[in-house]
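Asker: These protein sequence lines map, in sequence, to chains A and B.
Start counting the first sequence at 10; every next residue gets the next number (the working numbering).
Start counting the second sequence at 10; every next residue gets the next number (the working numbering).
Protein chains: 2
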Amino acid sequence: MHIVAIGGSDAGISAALRAREVDPGAEVTVVVADAYPNFSICGIPYYVSGEVTHWRNLAHRTYADLEAAGMHLRLDTIARKVDVAGHVLHLTGPGGVAEEALPYDQLVVGTGAVPVRPPISGLADLGPADGVHLLHSMDETFAIMRTLEETGTQSAVIVGAGYVGLEMAEGLSARGLGVTQLERLPEVLPTVDPELGALVRAQLEGHGVTVHTGTDVKAIARADAGAPERLRVDAVTAGGEQVSVHAGLVLVVTGVRPETDLAVSAGAEAGARGAIWVDKAMRTGLPDVYAAGDCVITHHRLLGETYLPLGTTAHKQGRVAGENAAGGHRQFAGSLGTQVVKVFDQAAARTGLRDHEARAAGFDPVTVAFQADDHKAYYPGSHKIAMRFTGDRETGRLLGVQLFGHKHAEIAKRIDIAATAIHHGMTIDEVSDLDLSYTPPLGSPWDAVQMGAQAWVRHLGAQ
Amino acid sequence: MHIVAIGGSDAGISAALRAREVDPGAEVTVVVADAYPNFSICGIPYYVSGEVTHWRNLAHRTYADLEAAGMHLRLDTIARKVDVAGHVLHLTGPGGVAEEALPYDQLVVGTGAVPVRPPISGLADLGPADGVHLLHSMDETFAIMRTLEETGTQSAVIVGAGYVGLEMAEGLSARGLGVTQLERLPEVLPTVDPELGALVRAQLEGHGVTVHTGTDVKAIARADAGAPERLRVDAVTAGGEQVSVHAGLVLVVTGVRPETDLAVSAGAEAGARGAIWVDKAMRTGLPDVYAAGDCVITHHRLLGETYLPLGTTAHKQGRVAGENAAGGHRQFAGSLGTQVVKVFDQAAARTGLRDHEARAAGFDPVTVAFQADDHKAYYPGSHKIAMRFTGDRETGRLLGVQLFGHKHAEIAKRIDIAATAIHHGMTIDEVSDLDLSYTPPLGSPWDAVQMGAQAWVRHLGAQ
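1) Please check if any C-beta of chain A sits within less than 8 Å of the C-beta of Glu-278(B).
2) Against chain B, which members of the segment 34 to 55 of chain A pass a CB distance test of less than 7 Å?
3) Show which residues of chain A have a CB atom less than 7 Å away from the CB atom of Ile-424(B).
4) What separation, rounded to the nearest whole angstrom, lies between the Cα atoms of Lys-393(B) and Asp-288(A)?
5) Could you confirm whether any beta carbon from chain B is found closer than 8 Å to the beta carbon of Ser-344(A)?
6) With distances taken Cα to Cα, identify the nearest neighbour of Val-168(B) among Val-61(B), Arg-155(B), Leu-143(B).
7) Mark Gly-336(B) as exposed unless 16 or more other C-beta atoms lie within 10 angstroms of its C-beta, in which case mark it buried.
8) Against chain B, with Cβ distances strictly below 8 Å, would Tyr-316(A) count as a contact?
9) I need the boundaries of the alpha helix (DSSP H) containing Pro-54(B), first residue and last residue.
10) On the CB-based measure, 16 or more other CB atoms within 10 Å of its CB, does Met-488(A) come out buried or exposed?
11) Gly-17(B) and Val-41(B): beta carbons closer than 8 Å?
12) Give me the subset of the segment 10 to 26 of chain A whose CB atoms are less than 9 Å from a CB atom of chain B, sorted by chain position.
13) Against Trp-465(A), what residues of chain B qualify as contacts under a CB-to-CB distance less than 9 Å, listed in chain order?
14) Starting from Asn-66(A), find everything on chain B with Cβ-Cβ shorter than 7 Å and list it in chain order.
15) Give every residue of the same chain whose Cβ lies closer than 8 Å to the Cβ of His-309(B), excluding the five residues on either side of it in the sequence, and list them in chain order.
16) Considering only the alpha carbon of each residue, which of Lys-351(A), Glu-419(A), Thr-404(A), Ala-358(A) lies closest to Asp-383(A)?
17) So who's on the other strand from Phe-413(B), going by DSSP bridges?
18) Would you tell me roughly how many angstroms separate the C-alpha atoms of Leu-213(B) and Gln-340(B), rounded to the nearest one?
19) Can you confirm whether the segment 122 to 141 of chain B touches the segment 222 to 239 of chain B when touching is taken to mean that 3 or more C-beta pairs between the two stretches lie within less than 8 Å?
20) With three or more C-beta pairs closer than 8 Å as the rule, is the segment 86 to 97 of chain B touching the segment 437 to 452 of chain A?
21) In terms of residue numbering, what span does the beta strand (DSSP E) encompassing Gly-174(B) cover?
22) Could you tell me whether the Cβ atoms of Asp-304(B) and Ala-256(B) are closer together than 8 Å?
23) Got a sec? Which residues, its chain only, sit under 8 Å from Tyr-388(A) by beta carbon, not counting five neighbours each side?
24) On the DSSP letters alone, give me the boundaries of the alpha helix (DSSP H) that Met-460(A) sits inside.
25) Does the pairing of the segment 114 to 124 of chain B with the segment 66 to 76 of chain B give three or more beta-carbon distances under 8 Å?
26) CA-CA distance, Lys-4(B) and Ala-421(A)?
27) Looking only at C-alpha atoms, which of Ser-58(A), Ser-253(A), Val-254(A), Val-298(A) sits nearest to Leu-157(A)?
28) So the alpha helix (DSSP H) Gly-215(A) belongs to, where does it begin and stop?
29) Would the segment 360 to 372 of chain B count as touching the segment 421 to 434 of chain B if we require 3 or more Cβ pairs under 8 Å?
30) Using DSSP's beta-bridge definition, name the partner residues of Arg-239(A).
31) Return the CA-CA distance between Tyr-55(B) and Arg-65(B), expressed in angstroms with no decimal places.
32) Going by DSSP in three states, Asp-134(A) sits in which element: helix, strand or coil?
33) Show which residues of chain B have a CB atom less than 7 Å away from the CB atom of Asp-32(A).
34) Grouping DSSP H, G and I as helix and E and B as strand, with all else coil, what is Ser-18(B)?
35) For His-365(B), does the count of other Cβ atoms within 10 angstroms reach 16, so buried, or fall short, so exposed?
36) So, using beta-carbon positions, are Gly-474(A) and Phe-398(A) closer together than 8 Å?
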């Protein structure tokens, strides 16, 4: 039995690890496009910031760890074509030289995603050598570090204020750069409601980041001679005002799209947002071809089939694919889109659906805001948690929760309590039944999430 | 409709608040034995430590808050007797003078618990004026503070190393006292496995607390003239060795027993550990008499009827009793015994059953220990979490989790993820299906609790 996984990031490596775990006799090969298998791309901002002191520390596991787990790694190797009928993967080896036909019994495609290139004038013509960067891989990380170190620039423009944009704003600020963040949508972190996005924005601004929201970037160009920095970014606000910013580094982080060419050209169907369609067993429909991670559609417990690329999901999908490729019968249980991001001293998190998402999915949602202390206010160091609960009016079912608060306010694991509750289809009222822990320095007799749930129930009763 | 709640702590106040919430027209009276309604007795150690700067801050709500919620408070008033047939509660007012007959339609008994007095020679003869204290009420708190302030003693003996004992060891240490902790059982914090208790003990000792476990206190006595402090505590270790400690303050905190006299003399049945029997609607069986909190049995989701007094449970039971007294139909969903305690810089938590508890309850438990980082180790400030997972061998059902780690490692809310999983009867394998949040500074792609769950599954597979 030879299992081949394509992709050295979360999905491919998880599949390979799991395949070896359930079938220690299986031969497992992982085809990795670059030299950095199992690196934590979520950790890149903390390498740029200097908090991670060596890029090698970003590896979840070392090359030796991975080989010790029983997989063969083929680095700097590109998967060119899948011969589905022949059960052969066509590869190009390091340097783009040697062609090879690698037979497989079971294949797991984990080709991931690539950064979106928004239609900004000049973006196609400028690159890392000019100080204009995308960010999704270790090579792109090294290119950013070269720009920072070789030019010594003290100013950066970040186009996009999603998770990566925010983390990079913090990371570059930590290095001492002046950062300007430009976001097309009306508020930063558009994956949460603008009421919480505004709190995130206040964190950014409180730490010296200049934020322009509702601002569409039109052009990136080399600055005129005599300009303070070598790049100029031109944008237009929603009100029609022109914004021009000079910077030595421009980072464009406006999202990703699934990398599907290999699978689709082999005959795989595309689904939501053009991602590779898979069933819950991570089967593509092509015989003996699985796919997982940022390249595939996401089965969502409340939305059905969607596209929602996240590292956590890629790990889970990869593990399912690896188990099944090795003869197992596991199903991906479905995502809730649970996410958390730290922005300077605060954290913002969400799980499930926001109001408009729930409405689009056919629910009749009600969203209620509430604030509660992370622990008893009489004990020093308590912090307010801003919460938004979304539930279905008729059934009372908990559909989504959003939280914002201090990084030590256990925001991340509080959103996980909500995620676990939504996983089980609880009503918001039933959240009060959960036996959650309490000690004054770390909580309240009713936890903050239970107080928020009770506020939602009261609100509905008062309507 | 006149609803009377007896007890000014968690259960009584929760019942009164909820009764007013569901029936704003109800007249609600709360009979409070002392002058401190709705005080957080869990917060007392932090007032003793000095972290809570005024005892009034320990009130969950002020007198004015409670009256504004629509309840009448009868302070310093003792409930003497319930005339069940006549629907009358006989009271003695402030100073033990005025007798009164208070008619009610619905009664909620929340008489709470009282400290156990272990059979220690001398304990019955010595009291607060001698520096010997129990601790369960505000009056007892004030007595301790008087001993500390008037004698200026710099040494304390704490008999018992449960939650309160540990918190008081920290609180008295924070005031600069030298603390000796004596525990009869083989390890401190006997509500968790000794492997984690040993880690708690290391915290205590690392902060200067002298700990003697397996040590039975035999006598407390006034010290001889010329002794360094005015009290002497004599104990015997499991090995038969004599331990004598001098101290200016002795605190005996070895647990509580339910205060049931009022309800039992009115005809209520007793259940587990002599606590008042109630059904899940918190009905005692006596017409129109509910009971809740530390005085009643606990319906446990895995154990059935037991006795497990906790503030969180008292809040929930009180809320159910209040809702039903006001005409509702709510049921207490059951406890899992979820608890957390902070000990200096660390926290220990548990939910569900430990191995021996699960075995006694008829399961075939397997317990597996595991360690994982609270967040990606490449990001500064990560901490190891020591975990113990208990599951049923045959069904794979998650029965219990115990955690120990740094106070900023989100131990409290991680145990709550486990509590929510157990609430829903998940298998340990299914814990990996939960969509939990991740960002490198606050978690891992598989959360620590999922890594622990996977370790359990691997262990079982390897057997």
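Heads up, the beta-carbon is just placed ideally off N, CA and C, and yes, glycines get one too.
Only a predicted model underlies this, so the values are computations on that prediction, with no experimental measurement involved.
Answerer: Checking against the coordinates, here is how it stands:
1) no
2) Ser-49, Cys-51, Gly-52, Tyr-55
3) Ser-446
4) 37 Å
5) yes
6) Leu-143(B)
7) exposed
8) no
9) 53 to 57
10) It is not possible to answer for residue 488(A), since the shown part of chain A is limited to 10 through 472.
11) yes
12) Asp-19, Ser-23
13) The contacting residues do not exist; Trp-465(A) stays about 14 Å from chain B at best.
14) Tyr-387
15) Thr-315, Leu-317, Gly-343, Ser-344, Leu-345, Gly-346
16) Glu-419(A)
17) Ala-357(B), Ala-395(B)
18) 40 Å
19) yes
20) no
21) Unbroken run through Gly-174(B) is the alpha helix (DSSP H), 172 to 183; no beta strand (DSSP E).
22) The amino acid occupying residue 304(B) in the given sequence is Cys; Asp does not appear at that position. Cβ atoms of Cys-304(B) and Ala-256(B): not closer than 8 Å.
23) Pro-449, Pro-450
24) 457 to 471
25) no
26) This structure cannot settle anything about residue 4(B), because the visible part of chain B is limited to 10 through 472.
27) Ser-58(A)
28) 203 to 215
29) yes
30) Looking at the DSSP assignment, Arg-239(A) forms no beta bridge with any residue, so it has no partner.
31) 12 Å
32) coil
33) None at all; the shortest Cβ gap to chain B is about 12 Å.
34) coil
35) exposed
36) The structure shown does not extend to residue 474(A), since chain A spans only 10 to 472, so no value can be given for it.
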